[in-house]
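S.K.: Everything in the sequence shown is counted per my numbering, starting at 1218 for the first residue and increasing by one.
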Amino acid sequence: YVVVPCYNEEAVLHETSKQMLELFGEMKNDGLINDNSRIVFVDDGSKDKTWSIIDELTKAHTEISGIKLAKNAGHQNALFGGLMTVKDDCDCAISIDADLQDDIHIIPDMVRNFIDGYDVVYGVRNKRDTDTFFKRFTAEGFYKLLNWMGAEVVYNHADYRLISARVLKEFAGFKEVNLFLRGMIPLVGFKSTSVFYERHE
Ligand code: UDP
Ligand code: MG
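(1) Do you know how far the Cα of D1314 is from the Cα of L1296?
(2) Among all residues, which have a Cβ less than 6 Å from at least one non-hydrogen atom of the ligand MG, and in what chain order do they fall?
(3) At a cut-off of 7 Å, is E1418 close to the ligand UDP when judged by its beta-carbon and the heavy atoms of the ligand?
(4) On the three-state DSSP scale, how would you describe Y1377?
(5) Using the C-alpha atoms, what's the distance from H1292 back to R1416?
(6) Closer than 7 Å to a non-hydrogen atom of the ligand UDP - does that hold for the CB of H1374?
(7) Give, in chain order, every unbroken run of the alpha helix (DSSP H) that is at least 4 residues long and sits entirely within the segment 1225–1263.
(8) Tell me whether P1222 counts as near the ligand UDP, meaning its Cβ is closer than 7 Å to at least one heavy atom of that ligand.
(9) Would you call the segment 1324–1340 and the segment 1372–1385 touching, i.e. three or more CB-CB distances under 8 Å?
(10) Please classify A1287: does DSSP put it in a helix, a strand, or coil?
(11) In the DSSP assignment, find the unbroken alpha helix (DSSP H) run with T1410 in it and report its ends.
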């Protein structure tokens, strides 16, 4: 499953679902996924047409499903809610933002790594060229500060990753309420690897 948290994403949903469906078609041909594979959009209490677009997409494409949260819960909670909803139906789940700044063409590689036995596959940006100096400087400071405080975070990795159902089931028992998934996933200590990509505008 691919899980996509969506807050006021009416402007991108058609393009995002089109690109993801194309990729799903290719991956099915290559035998990497099957007819039960799904793209799950999680509407995090959007105020625009996000949910009605998701609803339309689910009717037009069997590959697409939707989850509607009762109110806006924030990115990490929406993502976690989505992952916990799909954990018993999938072999693994990939989380990605709705705007596709993160390159979806590394998803087949993520799945190949999963098939090879990795439980977690991090999507890692290999460049910060599209960022301003200010963004780069503050982002680097953020990673340094987190590591100094003892959080093991993967540098230049955000919330683009594959997680096996086995690890998702471990997370179901986590009682952490201030969710910061990328700091928590390294903590559970399963076999992990990274796949690199360049981030789009
Ligand atoms: N998002 C969400 N709930 C929120 C805010 C954001 O589900 O309250 C989603 C958003 O639709 C996107 C992802 O989380 O798919 C990342 O959000 P955003 O693009 O605002 O974060 P940034 O790219 O600035 O880190
Ligand atoms: Mg974004």
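No residue lacks a Cβ here, since even glycine has one placed at the ideal position from N, Cα and C.
M.R.: Taking the definition as stated:
(1) The count along the sequence shown starts at 1 and reaches residue 1296 at position 79. The count along the sequence shown starts at 1 and reaches residue 1314 at position 97. Spanning the two alpha carbons is a distance of roughly 9 Å.
(2) D1314, D1316, Q1318
(3) As a working note, residue 1418 is residue 201 in the sequence shown. Answer for E1418: no, Cβ out of range of the ligand UDP.
(4) Looking up residue 1377 in the sequence shown gives position 160. The answer is coil: DSSP assigns Y1377 none of H, G, I, E or B.
(5) As a first step, residue 1416 is located in the sequence shown; it is residue number 199 there, counting from the start. As a first step, residue 1292 is located in the sequence shown; it is residue number 75 there, counting from the start. R1416 and H1292: Cα-Cα distance of roughly 19 Å.
(6) If you number the sequence shown from 1, residue 1374 lands on position 157. Answer for H1374: no, Cβ out of range of the ligand UDP.
(7) 1230–1246
(8) The count along the sequence shown starts at 1 and reaches residue 1222 at position 5. True, at least one ligand heavy atom lies under 7 Å from that Cβ.
(9) yes
(10) Residue 1287 sits at position 70 when you count from the first residue of the sequence shown. Reduced to three states, the DSSP call for A1287 is coil.
(11) Position 193 of the sequence shown, counted from the first residue, corresponds to residue 1410. First-last for T1410: 1409–1414, but that is the beta strand (DSSP E), not the alpha helix (DSSP H).
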